[in-house]
Structure formats: structure tokens, C-alpha cells
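>
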Amino acid sequence: MGMVTVNDVDSRSYRAVEILLLLPTLLFGFLGLGLIVVGIGGESVGTGPLGMASIFGTFGVWYLGGIVVALISWLVTPVFLYFDTKKVQEADVDWDPNPVLYAVAGFFLGYLMKLHHLYKRHQYVVDWVDRDWWWTVVAIGAVLPPVCLVLGGVLASSGSIGIGLVLIGVGILTAVPFSVAIYRDATYVRLHSGAWQPNPGSYVGFSVFFFLFGPVVYPILGCYYLFRRHRAIGTL
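Position in the sequence shown counted from 1, then plus 615, gives you the numbering used here.
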């Protein structure tokens, strides 16, 4: 069997699963924006009742928004998994997933099933990415977020609350594109490299996991990926 591409398995549900998988990082982006706005309020932020209310209000709005988005994602995940696996099942692919099983598993294990589904899908169906510059976003995301987060934390703990919150917000905000970039670039490398074919599903899973538990780990993941990329296709 020849190479099967997304053109052979046309599915809007596949794109929906991708978006749902990256939603957590997008939510943290809104948190970063909120911290920047609060931090711009000046050095008085956090030193009085109004400042503390601004900080806790930012986290509160973000938390409630996250609950709403998580609920919607939980409800629609089984639907998109069902329709996408049905498309794959109907196509001429060496993978025969059970749509009903994926829908049920998606209801109980939503995020894990999205990760598993994208990983398996990329094993058998090649996606198209024409742009080769996504690696630059990976490189920036591997360096800038941890630097801003560490520097912002140091400044905030030393009393410079305003500028500290701004830097922490910038660190969170600049970490958001990392997951998208490494996912898209791994898709590009998988399509164009014969020596190394990274599974984009694995890398987006690692990037989202490390984002939720602290993007300070991004330099390790980013440098490892860029090193393997350079060896595979000879460009950086």
C-alpha cells in the first residue's frame, strides 16, 4: 500500500480533535494575558486589598473559564472521536479502529484518548505541512518562557510585584505556541525525512504535559527535538 495522506482520509473531526488537544495551552495563554494586565497596574499590585483582588480575580476568571471549556470538551470529544475513527475505518488504511469503542473511551478518558488517537492516526495517515519555519518557534519557546518565568518569580519574590507578574505572564504567553509549533514541525519532518520520522502525537503530548507542570522543562524537550531534527534533515 502506498502512502496514505489526509487527502485520502478527509475529516473535519480530525482537525477538531487537534484543537481540543491544544485547548489547555490556549487557556493558560489567557492566564498569561491576565497577569500581564494586572502587572501593568504598577508596583502597588498585590500590596493592598485592590491589588490582591485583581490577582485573585484573574485566577478566578481563568479557573471558571477553564471549567466551562473542559466541560464542553468532555461532551464533544466522544462525538469527534467517533466520526474521525469512522472515516479512518472506511478508508484503505492498515488500521481498523472501532468508532463506538473510541467514543465510549473518549467519554471516560477524554484527554488520554485524544492523545492516543492522534498518535495512532499519525502512524498510518500522513498529514501535510508545507512550512518549514515552525522549528524557529520551537527554539524560541524552548528558551524565552523559562527565562521569563524564573526572572519574574525572582522579581516578584523580592518585592517588584508588578514587573514580576508581567514577566511571568509573558513567560506563560510565549510558552503557548510551543506545543503547536513542535506538533506542526514534527509533522513536517515526518513527511520530509527518511532517516527520522517523529510521531507528532508523541511530541504534542509531551509538550502539553510539560506545559501543565511547568514549561521550565521546555529547554530539554526543545533542544532534544531540534538536535534530532538537525541530524535528520540537515537544517536548523
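All residues carry an ideal CB built from backbone N, CA and C; glycine is no exception.
1) Go to Thr620, then tell me how far its alpha helix (DSSP H) extends in each direction, as first and last residue.
2) I'd like the list of long-range same chain contacts for Leu733, defined as Cβ closer than 6 angstroms, with 5 residues on each side in sequence excluded.
3) Identify every residue that forms a DSSP beta bridge with Val741.
4) Which residue's Cα is closest to the Cα of Ile880: Cys838, Val819 and Asp747?
5) Apart from the five residues just before and just after Leu770, which ones in its own chain have a Cβ nearer than 6 angstroms to its Cβ?
6) Does DSSP put Gln704 in a helix, in a strand, or in coil?
7) I'd like to check one pair, Leu650 with Ile783: are the Cβ atoms closer than 8 angstroms?
8) Rounded to a whole number of angstroms, what is the C-alpha to C-alpha distance between Ser808 and Ile797?
9) Express the C-alpha separation of Trp710 and Gly725 in angstroms, rounding to a whole number.
10) Measure the alpha-carbon distance for Pro693 versus Lys729 and round it to whole angstroms.
11) Identify, in the order they occur along the chain, each residue of the same chain with its Cβ nearer than 6 angstroms to the Cβ of Tyr629, setting aside the five sequence neighbours on each side.
12) Do Val621 and the ligand ZN come close, with the Cβ less than 7 angstroms from some heavy atom?
13) As a quick exercise: from Leu637, Lys702, Glu705 and Leu646, pick the residue whose alpha carbon is nearest that of Ser688.
14) Could you check if Val715 is buried or exposed, using at least 16 other CB atoms within 10 Å of its CB as the buried criterion?
15) Which of helix, strand or coil does DSSP assign to Leu724?
16) If Trp750 and Leu841 are in contact, beta carbons under 8 angstroms, what's the gap, nearest whole angstrom?
Walking through what the data contain:
1) Taking the sequence shown and counting its residues from 1, one reaches residue 620 at position 5. From DSSP, Thr620 is part of no alpha helix (DSSP H); its letter is neither H nor E.
2) Indexing the sequence shown from 1 puts residue 733 at position 118. So the list reads Gly816, once near-sequence residues are dropped.
3) Along the sequence shown, one-based indexing puts residue 741 at 126. For Val741, which the question treats as bridged, DSSP gives the partners Thr620.
4) Residue 880 lies beyond the stretch modelled for the chain, which goes from 616 to 851, so this question has no answer here.
5) Walking along the sequence shown from the start, residue 770 turns up at place 155. Here the set comprises Ile778 and Gly779.
6) Counted from its first residue, the sequence shown places residue 704 at position 89. Reduced to three states, the DSSP call for Gln704 is helix.
7) Against the sequence shown, residue 783 aligns to sequence position 168. Against the sequence shown, residue 650 aligns to sequence position 35. Closer than 8 angstroms, so yes.
8) Here residue 808 refers to the residue found at position 193 when the sequence shown is read from its first residue. Here residue 797 refers to the residue found at position 182 when the sequence shown is read from its first residue. One Cα belongs to Ser808, the other to Ile797, and the distance between them is close to 15 angstroms.
9) Along the sequence shown, one-based indexing puts residue 725 at 110. Along the sequence shown, one-based indexing puts residue 710 at 95. Cα-Cα distance, rounded: 21 angstroms.
10) Within the sequence shown, the letter at position 78 stands for residue 693. Within the sequence shown, the letter at position 114 stands for residue 729. When rounded, the distance between both Cα atoms is 9 angstroms.
11) Numbered from 1 along the sequence shown, position 14 holds the residue referred to as residue 629. Excluding residues within five positions, the ones whose Cβ falls inside 6 angstroms are Asp699.
12) The ligand ZN is absent from the structure shown, which contains no ligands of any kind.
13) For the purposes of this step, residue 688 is taken as the residue at position 73 of the sequence shown. Of the listed residues, the one whose Cα sits closest to Ser688 is Leu637.
14) Counting from one through the sequence shown, the residue named residue 715 turns up at place 100. Looking at its Cβ environment, which holds fewer than 16 other Cβ atoms inside 10 Å, Val715 is exposed.
15) The residue you call residue 724 lines up with position 109 of the sequence shown. Reduced to three states, the DSSP call for Leu724 is coil.
16) Position 135 of the sequence shown, counted from the start, is the residue given in the question as residue 750. Position 226 of the sequence shown, counted from the start, is the residue given in the question as residue 841. Going by Cβ atoms, the distance from Trp750 to Leu841 rounds to 6 angstroms, so yes, they are a contact pair.
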